[in-house]
Amino acid sequence: MAKSTFIFDGNIGQLPKLTFQPANERSNGEPRPLLVFSVKYDRLVRSDDPNKRFEDKGGFWIRIDYWKRNAEQLNRLLGKGMRVRIEGELRLDEWPDSDNPGQMLSGMALTAESIAILPSRVRSITMDERQQQPAPQQQQQIPPQYDYDIPQ
676 MAKSTFIFDG NIGQLPKLTF QPANERSNGE PRPLLVFSVK YDRLVRSDDP
726 NKRFEDKGGF WIRIDYWKRN AEQLNRLLGK GMRVRIEGEL RLDEWPDSDN
776 PGQMLSGMAL TAESIAILPS RVRSITMDER QQQPAPQQQQ QIPPQYDYDI
826 PQ
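Numbering-wise (the working numbering), the sequence shown opens with residue 676 and increments by one.
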């Protein structure tokens, strides 16, 4: 079955929430990080109104589930209102309504494969210093008694 990928730009609606799910075989016995947040997909089109350049026509909120190892790092970087580009598998999700027991709510959800921070409204970026790589090991010489099969 083919997987459908959805790529979109939008703004983060609330601070991401990081939780750790129980370990399983795929996680090699380690708890799995899960970063959850919502993003407003804004479908901007040129406006007929001369006072507006663009207007939102049919945008919607999408819950993002991100299961990658760098979820902790992204949790420190992402903030409310930040512009991001998300790529992943889109699906319709259902959950129980906490205000009306017995009722179900539905909405769009996406399991993200990648998350990129877009430069809109970013003031500065601070990079960690690059860590030194260990010196490469010198190649070992083949003992002379075994060099007879090496072409000259």
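Note that the Cβ used here is the ideal one computed from N, Cα and C, for glycine as well. Nothing here was measured: the structure is a model prediction, and the numbers come from that model.
Sequence-distant Cβ neighbours of Glu730 in its own chain, meaning closer than 6 angstroms and more than five residues away, are Ser722. Boundaries of the alpha helix (DSSP H) harbouring Gln748: Ala746 to Leu752, taken from the DSSP string. In summary, Pro708 is buried, with 16 or more beta-carbon neighbours lying within 10 Å of its beta-carbon over all protein chains present.
Fully contained in the region 686 to 738 are the following beta strand (DSSP E) runs of length 3 or more, in chain order: 692 to 696, 707 to 716, 719 to 721 and 729 to 731. Between Arg758 and Asp684, the C-beta gap is smaller than 8 angstroms, which places the two residues in contact. Distance from the Cα of Pro794 is smallest, within the candidate group Glu788, Leu753 and Pro809, for Leu753.
Around the Cβ of Gly763, a 10 Å sphere holds 16 or more other Cβ atoms; the residue is buried. Apart from sequence neighbours up to five positions away, the residues of its chain that approach Leu765 with a beta-carbon distance below 6 angstroms are Phe681 and Leu785, ordered along the chain.
As the crow flies, the alpha-carbon of Val720 is around 14 angstroms from that of Asn726.
Inter-residue distance for Thr694 and Ile687 is about 18 angstroms (C-alpha atoms, whole angstroms).
The DSSP-derived three-state label of Met802 is coil. Here Ser795 carries a coil assignment [DSSP, helix/strand/coil]. One Cα belongs to Leu780, the other to Asp768, and the distance between them is close to 8 angstroms.
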